[in-house]
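Per the numbering used here, residue 39 is the first one in the sequence shown, and the count goes up by one each step.
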Amino acid sequence: MPEAKIAPSMLSSDFANLAVEATRMTKNGADWLHLDVMDGHFVPNLTMGAPIISCLRKHTEAFFDCHMMVAKPEQWVDDIAKAGGQMYTFHIEATQEPVKLIKQIHDAGMKAGVAIKPKTPADSVIGEIAELADMVLVMTVEPGFGGQRFMADCMPKVELLRSKYPHLDIEVDGGLSLETIDASADAGANVIVAGTGVFKAEDPSQVISTFREKVNT
Ligand code: DX5
Ligand code: ZN
Numbered sequence: 039m040p041e042a043k044i045a046p047s048m049l050s051s052d053f054a055n056l057a058v059e060a061t062r063m064t065k066n067g068a069d070w071l072h073l074d075v076m077d078g079h080f081v082p083n084l085t086m087g088a089p090i091i092s093c094l095r096k097h098t099e100a101f102f103d104c105h106m107m108v109a110k111p112e113q114w115v116d117d118i119a120k121a122g123g124q125m126y127t128f129h130i131e132a133t134q135e136p137v138k139l140i141k142q143i144h145d146a147g148m149k150a151g152v153a154i155k156p157k158t159p160a161d162s163v164i165g166e167i168a169e170l171a172d173m174v175l176v177m178t179v180e181p182g183f184g185g186q187r188f189m190a191d192c193m194p195k196v197e198l199l200r201s202k203y204p205h206l207d208i209e210v211d212g213g214l215s216l217e218t219i220d221a222s223a224d225a226g227a228n229v230i231v232a233g234t235g236v237f238k239a240e241d242p243s244q245v246i247s248t249f250r251e252k253v254n255t
């Protein structure tokens, strides 16, 4: 299994102080920063887009893991690449042509991730899509909002994907905390996204290092 990458979700940060919050997380040991892009169509919420990501890019060297909760993922590839995005994760539910989209993302110089919502089966990405993609994101809450409860019933999908793809980055996102990390790590997830679990912690560095330990052992 690839090594742990811990990706705090900036959705739980103070948006008026994004640069300070990003630096706080990298100083606390974050490997990646998870940036939740929502368009009000694919999910009933609005967050940030390329203009904010490009402003943040000037303040940190961190790897930008962009989670695109958007109805038209094809539309934003070039903008996010220019803004400094490095992983572009689209939802399988939002596209008819995932293989073409993965190629478009790679051509734009980014890694390609594919996300599945809690009710979407792992089968929807197993095969050509998972083989071409750099990462599969198994959502552990319904996308749209931070602070929701971790859905343990998504773990069999992580197990199945890990058994088929031992070297693939498998990301979990939603409700990750010290209480839910064991289930995720045991199932085989190695990229851990956490908003509330890290930003609201008294000691974010301890949470991040515990996540890393659980994944790597
Ligand atoms: C939800 C987002 C998550 C969110 C996770 O749609 O994709 O990245 O920020 O937040 P927590 O960790 O609070 O569930
Ligand atoms: Zn996310």
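We put the beta carbon where it would ideally sit given N, CA and C, even for glycine.
Only a predicted model underlies this, so the values are computations on that prediction, with no experimental measurement involved.
- As the crow flies, the alpha-carbon of Val58 is around 19 Å from that of Ala88.
- At least one heavy atom of the ligand ZN falls within 6 Å of the beta-carbon of Asp74.
- At the C-beta level, Phe183 and Thr218 stay beyond 7 Å of one another.
- The residues Ile130, Ile154, in chain order, have a CB closer than 7 Å to that of Ser162 in the same chain once the five nearest residues on each side in sequence are set aside.
- Counting the other Cβ atoms within 10 Å of the Cβ of Thr255 gives fewer than 16, which makes it exposed.
- In this structure, Ala160 places its C-beta atom within 7 Å of the C-beta atom of Leu198.
- Segment contact: the stretch 53-68 against the stretch 201-214, fewer than three CB-CB distances shorter than 8 Å; contact not assigned.
- Pairing Ile143 with Tyr126 gives a Cβ-Cβ distance under 7 Å.
- Between the ligand DX5 and the CB of Pro159, the shortest heavy atom gap is not smaller than 6 Å.
- Out of Glu41, Pro181, Ala232, the CA that lies nearest to the CA of His79 is found in Pro181.
- DSSP lists Thr127, Met173 as the bridge partner or partners of Gly151.
- Three or more beta-carbon pairs separated by less than 8 Å are not found between the stretch 235-252 and the stretch 92-102, which leaves the two stretches without contact.
- Counting every other CB atom within 10 Å of its CB across the protein chains shown gives Val210 a total of 16 or more, marking it as buried.
- When distances are taken from the beta-carbon of Gly233 to the heavy atoms of the ligand DX5, the shortest one is below 6 Å.
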